[in-house]
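Residue numbers (the numbering used here): 35 to 112.
Right, here's the structure in full:
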């Protein structure tokens, strides 16, 4: 299984919960077992996105630092 995202949701500049709402709306664009990324610079995303993954039973793969914010990688589990 690759950890490289197939889709990136650009949410930089948006305040939580908008990045999570955008992620929830687009996670079905990637096949089960593959990775989607969300870019965000809201500090709340660091805790909110992993918490959403636990709640929704998707796998939080990584936080990758970017020049502005981070890319959060999530593996779709169902």
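From the three backbone atoms N, C-alpha and C, an ideal C-beta is built for every residue, glycine too.
Margin query: If distances are taken between C-alpha atoms only, which option among 75, 41, 52 comes closest to residue 86?
Written below: The closest CA to that of residue 86, considering only 75, 41, 52, is found on 52.
Locate the alpha helix (DSSP H) running through residue 89, then write down its first and last residues.
-> Start and end: 79-90.
Could you compute how far the alpha carbon of residue 67 sits from the alpha carbon of residue 60?
Their backbone Cα atoms lie some 15 Å apart in a straight line.
Query - Cβ-Cβ separation, residue 70 to residue 43 (assumed contact under 8 Å), whole Å - result: Rounded, the Cβ-Cβ distance is 7 Å, consistent with contact.
Notebook entry, point to check: Between residue 78 and chain C, is there a C-beta pair that is closer than 7 Å?
Noted result: No chain C is part of this structure, which consists of one protein chain only.
In angstroms, rounded to a whole number, what distance separates the CA positions of residue 100 and residue 50? The alpha-carbon atoms of residue 100 and residue 50 are separated by roughly 18 Å.
**Asked** According to the neighbour-count rule (16 or more other Cβ atoms, all chains shown, within 10 Å of its Cβ), is residue 103 buried or exposed?
**Response** By the neighbour-count rule (16 or more Cβ atoms within 10 Å), residue 103 is buried.
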